[in-house]
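Notes follow the structure.
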Ligand code: NI
């Protein structure tokens with residue numbers, strides 16, 4: 474296990490534009506994926522981006538490895554998203570439709586905000602072995618990909634909140650729900 478410290482909002486590394494990965498299937502890349510996996514699992518994240526553990530590369534992981542674990546304690550109502558390693562991603566909204574939804578972030582612990590995101594998304598990229606990924610997704614899956622890939626351009630979700638009245642502490646916003654306070 475290699476659980477890594479997650480950088481929190483205010484750290485300048487989170488504001489950088491991350492670099493593309495140029496070599497796949499290397500020991501370094503596999504170690505990075507393992508560190509991201511262990512850290513995401515430990516913190517019950519819906520996803521995590523390499524810059525959040527201090528590595529400024531265009532690598533994100535998200536989703537659930539196990540169908541049995543599809544109920545994430547941080548997002549108990551979320552549809553299950555398949556476990557995905559996504560490298561050098563390219564995102565294209567496939568309609569004009571925008572959906573508002575609550576988001577949190579391991580780099581902004583204990584808070585949630587309403588963020589408008591494209592409802593339907595076409596995304597492409599590569600896994601850690603260099604295999605191509607090409608998907609059409611919608612809803613929570615599309616939201617997670619947009620949130621994680623924003624990290625690669627130095628964007629944290631509070632920067633996307635349309636109305637800052639829709640931003641607050643998780644336990645205050647949802648006092649009667651068993652949402653893990655990170
Ligand atoms: Ni995040």
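Residue numbers (the numbering used here): 474 to 655. Ideal Cβ positions, reconstructed from N, Cα and C, are used throughout, including at glycine. Values in this document were obtained by computation on a predicted structure and should not be read as measured data.
For the alpha helix (DSSP H) that residue i lies in, which residues bound it at each end?
| i | result |
| --- | --- |
| residue 616 | 612-624 |
Classify residue i as buried or exposed, calling it buried when 16 or more other Cβ atoms lie within 10 Å of its own Cβ.
| i | result |
| --- | --- |
| residue 508 | buried |
| residue 650 | exposed |
| residue 571 | exposed |
| residue 503 | exposed |
| residue 569 | exposed |
| residue 524 | buried |
| residue 632 | exposed |
| residue 629 | buried |
| residue 591 | buried |
How would you write the range of the beta strand (DSSP E) that residue i sits in, first residue to last?
| i | result |
| --- | --- |
| residue 642 | 640-642 |
| residue 481 | No beta strand (DSSP E) holds residue 481; DSSP gives it neither H nor E. |
Is residue i near the ligand NI, in the sense that its beta carbon is under 8 Å from a heavy atom of that ligand?
| i | result |
| --- | --- |
| residue 572 | no |
| residue 619 | no |
| residue 630 | yes |
For residue i, which of helix, strand or coil comes out of DSSP?
| i | result |
| --- | --- |
| residue 502 | helix |
| residue 495 | coil |
| residue 570 | coil |
| residue 596 | strand |
| residue 558 | strand |
**Study point:** the region 622-632 in contact with the region 524-533 per 3-pair CB rule at 8 Å
**Key:** yes
Review point. Counting Cβ pairs closer than 8 Å, one from the region 493-501 and one from the region 512-520, do we hit at least three?
Key: no
Exercise for review: Could you tell me whether the region 576-584 touches the region 634-645, where touching means 3 or more Cβ pairs closer than 8 Å?
Suggested key: The region 576-584 vs the region 634-645: in contact.
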